[in-house]
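A.B. asks:
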Amino acid sequence: MLSGIARAIFGSQNDRIIRRMQKHIDAINNFEIVIASLSDEALQEKTAFFRRRLAAGETVDNLMEEAFAVVRESSKRVLGQRHFDVQILGGIFLHQGRITEIKTGEGKTLVATLPVYLNALLAAGVHVVTVNDYLAKRDAAWMGRVYNFLGLTVGCIVHDLEDSERKAAYACDITYGTNNEFGFDYLRDNMKFRLEDMTQRDFHYALVDEVDSILIDEARTPLIISGPAEDNLQLYSQINELILYLEDDHYEKDEKHRTIILNDEGVDKIELLLVDAGIIRVGALYDVQNISLVHHINQALRAHKLFSRDTDYIVKNNRVVIIDEFTGRAMDGRRYSDGLHQALEAKEGVAIQNENQTLASITFQNYFRLYPRLAGMTGTAMTEASEFREIYQLEVVEIPTNAPVVRIDEDDEVYRTIKEKYEAVVKTIEEYRNRGRPVLVGTISIENSESVSKILKQRKIPHKVLNARFHEEESHIIAQAGRPGSVTIATNMAGRGTDIQLGGNIEMCLIQALEGVHDEGARLQIVDKVTAEVEADKNKALAAGGLCVIATERHESRRIDNQLRGRSGRQGDPGRSKFFLSLEDDLMRIFGSELIDGMLKKFGLQEGEAIVHPWINKALAKAQHKVEARNFEIRKQLLKFDDVMNDQRKIIYEQRREIMRLPDVHELVTEMRKEAIDDIVTQAIEEGSYSHQWDLEWLNDQIVNLLALNLPLHEWAKEEFITKQDILERVYKFSNLHMSEKDINLGSKLMRMAEKQLLLHKLDQLWKDHLLSLDYLRQGINLRAYAQRDPLNEYKREAFCLFEKMLADLRTSVTCTIAHLEIPTQSLDNIAIINAGKTANNRIINNQLINGQANSSVREDGYGVVSLTDLRKTTLLPQLPIDRTISGLNKLAVWNNTQRNARCPCGSGKKYKHCHGRFK
1 MLSGIARAIF GSQNDRIIRR MQKHIDAINN FEIVIASLSD EALQEKTAFF
51 RRRLAAGETV DNLMEEAFAV VRESSKRVLG QRHFDVQILG GIFLHQGRIT
101 EIKTGEGKTL VATLPVYLNA LLAAGVHVVT VNDYLAKRDA AWMGRVYNFL
151 GLTVGCIVHD LEDSERKAAY ACDITYGTNN EFGFDYLRDN MKFRLEDMTQ
201 RDFHYALVDE VDSILIDEAR TPLIISGPAE DNLQLYSQIN ELILYLEDDH
251 YEKDEKHRTI ILNDEGVDKI ELLLVDAGII RVGALYDVQN ISLVHHINQA
301 LRAHKLFSRD TDYIVKNNRV VIIDEFTGRA MDGRRYSDGL HQALEAKEGV
351 AIQNENQTLA SITFQNYFRL YPRLAGMTGT AMTEASEFRE IYQLEVVEIP
401 TNAPVVRIDE DDEVYRTIKE KYEAVVKTIE EYRNRGRPVL VGTISIENSE
451 SVSKILKQRK IPHKVLNARF HEEESHIIAQ AGRPGSVTIA TNMAGRGTDI
501 QLGGNIEMCL IQALEGVHDE GARLQIVDKV TAEVEADKNK ALAAGGLCVI
551 ATERHESRRI DNQLRGRSGR QGDPGRSKFF LSLEDDLMRI FGSELIDGML
601 KKFGLQEGEA IVHPWINKAL AKAQHKVEAR NFEIRKQLLK FDDVMNDQRK
651 IIYEQRREIM RLPDVHELVT EMRKEAIDDI VTQAIEEGSY SHQWDLEWLN
701 DQIVNLLALN LPLHEWAKEE FITKQDILER VYKFSNLHMS EKDINLGSKL
751 MRMAEKQLLL HKLDQLWKDH LLSLDYLRQG INLRAYAQRD PLNEYKREAF
801 CLFEKMLADL RTSVTCTIAH LEIPTQSLDN IAIINAGKTA NNRIINNQLI
851 NGQANSSVRE DGYGVVSLTD LRKTTLLPQL PIDRTISGLN KLAVWNNTQR
901 NARCPCGSGK KYKHCHGRFK
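Just so you know, we're using UniProt numbering here: the sequence shown kicks off at 1 and counts up by one.
(1) In the region 227 to 311, which residue ranges form an unbroken beta strand (DSSP E) of at least 3 residues, counting only runs that do not cross its ends?
(2) Output needed for Ile25: all residues of its chain with C-beta closer than 7 angstroms, excluding positions within five of it in sequence on either side, in chain order.
(3) Kindly indicate which three-state DSSP category Glu41 falls into: helix, strand or coil?
(4) Report the option in Asp276, Ala112, Leu272, Tyr251 whose CA atom is closest to the CA atom of Asp264.
(5) Could you check what DSSP says for Asn841 in three-state terms: helix, strand or coil?
(6) With distances taken from CA atoms, which of Arg302, Asn318, Ala360, Pro372 is nearest Gly339?
(7) What number of angstroms, rounded off, separates the C-alpha of Val487 from the C-alpha of Met377?
(8) With Val34 as the anchor, note down where its alpha helix (DSSP H) starts and where it stops.
(9) Going by C-alpha to C-alpha distance, which of Pro791, Ala819, Ile297 sits closest to Ser740?
(10) Report the CB separation of Val814 from Met672 in whole angstroms; it is logged as a contact under 8 angstroms.
(11) Kindly indicate which residue of Glu395, Gly572, Tyr422 has the alpha-carbon position closest to the one of residue 925.
(12) Using the three-state DSSP reduction, which class does Arg635 fall into: helix, strand or coil?
(13) Using three-state DSSP, classify Val414 as helix, strand or coil.
(14) CB Phe364 to CB Ile99, shorter than 7 angstroms?
(15) So, does the region 544 to 561 touch the region 508 to 519, judging by three or more C-beta pairs under 8 angstroms?
(16) Going by beta carbon distance, what residues of the same chain come within less than 7 angstroms of Ile781, once the five residues before and after it are set aside?
(17) Beta-carbon within less than 7 angstroms of Asn646's beta-carbon, same chain only, minus the 5 sequence neighbours each way: which residues are those?
(18) Output the distance between the C-alpha atoms of Ile276 and Val321, rounded to the nearest integer angstrom.
(19) With a threshold of 16 other CB atoms inside 10 Å of the CB of Glu345, please say whether the residue is buried or exposed.
(20) Just to confirm, are Ala544 and Gly436 a CB contact at a threshold of 7 angstroms?
(21) Am I right that Lys137 and Val158 are in contact with their C-beta atoms under 8 angstroms? What's the rounded C-beta distance?
(22) Considering only the alpha carbon of each residue, which of Asp212, Tyr134, Val397, Arg811 lies closest to His95?
(23) Do you know offhand how far Gln693's Cα is from Ile677's?
(24) Tell me Ile314's beta-bridge partners as DSSP assigns them.
(25) Alpha helix (DSSP H) containing Met672: first to last residue?
(26) Residue 933 bridges to which residues according to DSSP?
(27) Among the candidates Ser451, Arg656, Asp268, Leu737, whose CA atom is the shortest distance from the CA of Leu711?
(28) State buried or exposed for Ser12, treating a residue as buried only when at least 16 other CB atoms are found within 10 Å of its CB.
(29) Quick one: Cα of Thr670 to Cα of Cys816, how far?
(30) Runs of 3 residues minimum, wholly inside the region 508 to 572: which ones carry the beta strand (DSSP E) assignment?
(31) Out of Ala124, Leu262, Asp139, which has the shortest C-alpha to C-alpha gap to Val131?
(32) Thinking just about the alpha-carbon of each residue, which of Glu667, Ile703, Val665, Ala168 is nearest to the one in Gln683?
(33) How would you label Lys920, buried or exposed, when you count the other beta carbons within 10 angstroms and need 16 or more for buried?
(34) Is the separation between the beta-carbon of Met21 and that of Ile92 shorter than 7 angstroms?
(35) Taking C-alpha atoms, which residue in Lys464, Val439, Val60 lies nearest to Glu450?
(36) Alpha carbon to alpha carbon, what distance is there between Tyr432 and Gln458?
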């Protein structure tokens, strides 16, 4: 009560934050008078003027007010749109690195031009992130007119661009693209072999549109670049057939947490089926030799009992395509991991593709935290303000609407059955359509949207359906959803990017009407006619009461419901929204429908009747809040685990780039060889031990394998007063001598390139294996909780050990490969050096280097590696810089292990032991 009184007197915290910005808005409005008097040429010259001021030491904050006034005037002249004061307010907060909640229809796209232009003046690259390619292309072209007018360059990143095109787009002052493309380009860049092949620049400022969708909804799904892994695809089909024999009493399903597990009866049943099918021949299901079957069975069970066709995925062109649960869009190219996608493919009878092994991955949470400056905007963010603050350190500010919202949000109507609910929905649609009101029907799945469509077809009510099946028609369907009497069924409305304007979207109408018309006179007539029709239709829709939003179900996230509601009542238009629910809906069924059902029966609710009360709304809001809180905890926990890998990934990627900047890695490889020698000598010779206690046989084998040397260790051990340090120094000496001879034989340039490419190749291979090890570790680490151990701490400890092991393996592997690398002198003129591949598929060079002839010559540039002294010091990587690209070395001649008494491959005619194999 006291807090309510205080808010009434002093305003909310959000109100106070907004009031503090009024001085900036006043200053921008004062600049507007002067800026409006400038000619186009003088206005365009402002960009160079601002950049000169920045070069002189001023900051972008100093320029903000005048720069915003310049953008406002440019938009007026180029687009015919002037920023409202509330849009200027949103631009200020976005420049400050906050998240702004700007209601649907308030012009977020135009707001973005203000902070984007200001930060692009630094020429460091500004990224504008959207949720799909259509919006990226549209906004880059649409808002790009303003930027181009002011002398800035604009690029757009979409699917299927070549690397050269991507690099050119990233080199622009402003780059539009989707969150997926930006993230994958980051991963791909860190799999390249030369700095000049990388497409992205250093991160500067990112503005994320539909920020809640990208940073909240998609935060649980990491971006993964993968390669094929060997697997038994036939087993998925075999297990899929057996799952069909399981009944409800064979498993326990928790729909709240989306988990399912076989009970004891289910295990007995599946074991019998596996034996009958000949899949299990020895032992029981959970015996060690059969444990891999458990994975296949669990995934098949999830595919059949937790994932529904047309809700979680669709089958399109003989492929299983994931449906985004928040936007309803088909996510082509995305696949469920850990064999789940293969289980779904087996379930649907489509071609089963190989399981993949992770080569590189990152979550959106960790990707966007790479940007020094990050901001975002959306129509619904306040409900997730605490998560934005805790995970991203971003504050959320609610921007007032330009005109008061007059939409009427009615209380929910709750029916006992889905049939009754749909009857009420269709009746309401008919009623509003007959009045000439446009109607938007919101569903949360394709299945529901098609159920409503089927009923409307039976009633012969014309309508349009927007879901993942009709993704290509999206913008046209949404643009015309505001026409009088129109009925549009849509599966989720987040991030559609096109306003529903009463009377129809005049731009879309003109695009369709003018298609194929080239005569200028005819085009003008069509423009006049269409404009008049749209204006007349708008007046009809306004008179009928504006857009009516009818929702057929509550989403588990309040934001999604609010986004649907927000489609009505834009810019002060009238409107209405109402939710129709049933006790058979998922949210109602999972969260206490039995209690409500009993209460409704007690009240004597008859078939076809609904209960309507504000308390129902509050109860549902509480249920949604519980789901949101649970999902937040899941995302937070996943982030904690991913942060462990992220720390290692940043070290690998940062130091890898440093490696590529070096002309050669000889100093690094030498240091790695020294450490590898230290390791094996220390294992064979304990500190303070006597020579007769040394494990010389093992040490000799290790030296032969690691360094390609056969040293007289036993003779050295017989010397009086011989010490471990003496052994180390002699092994160092002969190892260095051996490598010096290689330099002479092969040539320094070739050796430097070989060292660099082998280092990168080995690092890539070991990093890939390390990611696989972390995947396996992550899958089973929660079982440690049964031993009263914290799974997160256990994961951190073991991941650190695995990382250290990877570095040790890298030292050993690089040292061993280079030590055994030999090229006959007569073949040096014919060695083919092929430049690095541009994609992940070209990353791995042949492990077995063979003799080859080609006409290409050794390049003197582009070696790209880093010096040991230049590397950042880190406890994880004490003396090791690292790189993840692979340049070329596809055909190098190699000596196999030459026998001591064989002729030396150098061509001298001497025995190897008297020539290059001679000890000195």
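Glycine included, each C-beta is placed from N, C-alpha and C at the ideal position.
C.D. replies: To lay it out plainly:
(1) 251 to 254, 259 to 262
(2) Asp85, Ile88, Leu89
(3) helix
(4) Tyr251
(5) Caution is warranted here: a pLDDT of 33 is assigned to Asn841, below 50, making its placement in the model unreliable, and the coordinate value is therefore given only provisionally. Reduced to three states, the DSSP call for Asn841 is helix.
(6) Arg302
(7) 29 angstroms
(8) 22 to 36
(9) Ala819
(10) 6 angstroms
(11) In the structure as shown, the chain starts at 1 and stops at 920, and residue 925 therefore has no counterpart that could be examined.
(12) helix
(13) strand
(14) no
(15) no
(16) Pro791, Glu794, Tyr795
(17) Asn366
(18) Reading off the sequence, residue 276 comes out as Asp, not Ile. Straight-line Cα distance between these residues: approximately 33 angstroms.
(19) buried
(20) yes
(21) 6 angstroms
(22) Val397
(23) 19 angstroms
(24) Val321
(25) 666 to 684
(26) Residue 933 cannot be examined here, being either before or after the span of the chain that is shown, 1 to 920.
(27) Leu737
(28) exposed
(29) 12 angstroms
(30) 547 to 551
(31) Asp139
(32) Ile703
(33) Only weak support is given to the placement of Lys920: the predicted model assigns it a pLDDT of 38, under 50, and the value that follows is read from those uncertain coordinates. Lys920 should be labelled exposed.
(34) yes
(35) Lys464
(36) 18 angstroms
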